[in-house]
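Engineer: Residue numbers (the numbering used here): 379 to 640.
Using N, Cα and C, we set each Cβ at its ideal position, and we do this for glycine too.
#1: Mind pulling the beta strand (DSSP E) runs of 3 or more residues that sit fully within the segment 556–619?
#2: To which residues of the same chain is residue 511 closer than 8 Å at the C-beta, ignoring the five residues directly before and after it?
#3: Could you check the C-alpha separation between residue 526 and residue 426 for me, to the nearest Å?
#4: Between residue 592 and residue 414, is the Cβ-Cβ spacing less than 8 Å?
#5: Under 8 Å, do residue 690 and residue 582 count as touching if we go by C-beta distance?
#6: With DSSP collapsed to three states, give me the class of residue 393.
#7: Is the CB-CB distance between residue 396 and residue 553 below 8 Å?
#8: Between residue 585 and the rest of its own chain, which residues show a CB-CB distance below 8 Å, the 5 nearest in sequence each way excluded?
#9: Would you give the residue range spanned by the alpha helix (DSSP H) that residue 542 belongs to?
#10: Take residue 575 as the anchor and find which of 385, 627, 393 and 434 has the nearest alpha-carbon.
#11: In chain order, what are the residue ranges of uninterrupted beta strand (DSSP E) at least 3 long that sit wholly in the segment 401–464?
#12: Quick check: what's the CA-CA separation for residue 547 versus residue 484?
#13: Is residue 467 near residue 535, with beta carbons less than 8 Å apart?
#14: Could you work out which residue in 460, 439, 465 and 386 is closest to residue 478 when comparing CA atoms only?
#15: Does the structure place the segment 606–622 close enough to the segment 454–465 that three or more beta carbon pairs sit under 8 Å?
#16: Report the rounded CA-to-CA distance for residue 407 versus residue 424, giving the unit in angstroms.
#17: Excluding sequence positions up to five away, which residues of its chain have a Cβ less than 6 Å from the Cβ of residue 482?
#18: Could you check what DSSP says for residue 466 in three-state terms: helix, strand or coil?
#19: So what does DSSP say about residue 398, is it helix, strand or coil?
#20: Can you grab the Cα-Cα spacing for the pair residue 598 / residue 580, in whole Å?
#21: In its own chain, which residues sit with a C-beta less than 7 Å from the C-beta of residue 601, not counting the 5 before and 5 after it?
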């Protein structure tokens, strides 16, 4: 008997409050250590294809940030939101693609803020077939030649691709009113945790130790702060300015939680 997939639950489209304070009010217990061995990256053909694509597009520092966000996010989800049932694959895709717009090539390619352009790129590559230019970038890349991700035929269902794009668009949309998808909220929590140390109580120190040992920060704080300032200089209207044109990069540089790992 076949199971009918619920795209809302499976792809993280369940609406949850934007306010992380409200959401986290029930998560007061101490988080357990959750090593990366307990949050493995998905091995699906789609996940492997997008991983190979991300490796061809992102710097090592940004790629490591994406993987740290993935492992931190799953640790947060397991501890604080055990009822959220969306797939690890969907979260993995969102993490890998959320910073596509920060590369020098993509930042100068558009007038769009980096989150919005990254979402459009994600929609494209997730639904690309083997003959599409975005898929050919994977097939032609060095990473694809040694990875099962060379299977460029694996594509995402429309609902999954749109959920990932929505989450990417809103991953810096920090506000206290309204609703956001569960996937978008987790991506926001995980990236802000890695970038600024926000909600440091959500992840056990042993988990941080393990994640940073596997995916070193490589001076990520100074790298990301410089990226923010670069985009704000090129695009004074950039969405990142809503977090504070000077306050946000200063908060990234002042990330005391992650300072020992820099």
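Structural biologist: Short version:
#1: For the segment 556–619, the continuous beta strand (DSSP E) assignments of 3+ residues that do not extend past its boundaries occur at 557–559, in sequence order.
#2: Numbered from its first residue, the chain shown carries residue 511 at position 133. Caution is warranted here: a pLDDT of 48 is assigned to residue 511, below 50, making its placement in the model unreliable, and the coordinate value is therefore given only provisionally. Nothing meets the Cβ criterion.
#3: The sequence position of residue 526 within the chain shown is 148, counting from 1. The sequence position of residue 426 within the chain shown is 48, counting from 1. Below a pLDDT of 50, predicted positions are generally treated as unreliable, and residue 526, at 39, falls in that range; the measurement from the model is reported next regardless. Rounded to the nearest angstrom, the two C-alpha atoms are 6 Å apart.
#4: The residue labelled residue 592 in the question sits at position 214 within the chain shown. The residue labelled residue 414 in the question sits at position 36 within the chain shown. Contact: yes.
#5: The requested residue 690 does not occur in the structure, where the chain is confined to residues 379 to 640.
#6: Counting from one through the chain shown, the residue named residue 393 turns up at place 15. DSSP places residue 393 in strand when its eight states are reduced to three.
#7: Taking the chain shown and counting its residues from 1, the one referred to as residue 396 is at position 18. Taking the chain shown and counting its residues from 1, the one referred to as residue 553 is at position 175. Judged by beta-carbon spacing, residue 553 lies within the 8 Å limit of residue 396, meaning their Cβ atoms are closer than that value.
#8: As a first step, residue 585 must be located in the chain shown, where it is residue number 207. These residues qualify, in order along the chain: 409, 411, 412, 413, 449, 450 and 453.
#9: Residue 542 sits at position 164 when you count from the first residue of the chain shown. Start and end: 536–547.
#10: As a working mapping, residue 575 is identified with position 197 in the chain shown. Minimum Cα distance to residue 575 is reached at 627.
#11: none
#12: As a first step, residue 547 is located in the chain shown; it is residue number 169 there, counting from the start. As a first step, residue 484 is located in the chain shown; it is residue number 106 there, counting from the start. One C-alpha to the other measures close to 15 Å.
#13: Taking the first residue of the chain shown as position 1, residue 467 is located at position 89. Taking the first residue of the chain shown as position 1, residue 535 is located at position 157. In this structure, residue 467 keeps its C-beta atom at 8 Å or more from the C-beta atom of residue 535.
#14: Here residue 478 corresponds to residue number 100 of the chain shown, with the count starting at 1. Of the listed residues, the one whose Cα sits closest to residue 478 is 439.
#15: no
#16: As a working mapping, residue 407 is identified with position 29 in the chain shown. As a working mapping, residue 424 is identified with position 46 in the chain shown. The alpha-carbon atoms of residue 407 and residue 424 are separated by roughly 35 Å.
#17: In the chain shown, the residue the question calls residue 482 occupies position 104. Nothing meets the Cβ criterion.
#18: Mapped onto the chain shown, residue 466 falls at position 88. Reduced to three states, the DSSP call for residue 466 is helix.
#19: In the chain shown, counting from the first residue as 1, residue 398 sits at position 20. Looking at residue 398 - three-state DSSP - the assignment turns out to be helix.
#20: By one-based count along the chain shown, residue 598 stands at place 220. By one-based count along the chain shown, residue 580 stands at place 202. Cα-Cα distance, rounded: 21 Å.
#21: By one-based count along the chain shown, residue 601 stands at place 223. Taken in chain order, the residues that qualify are 439.
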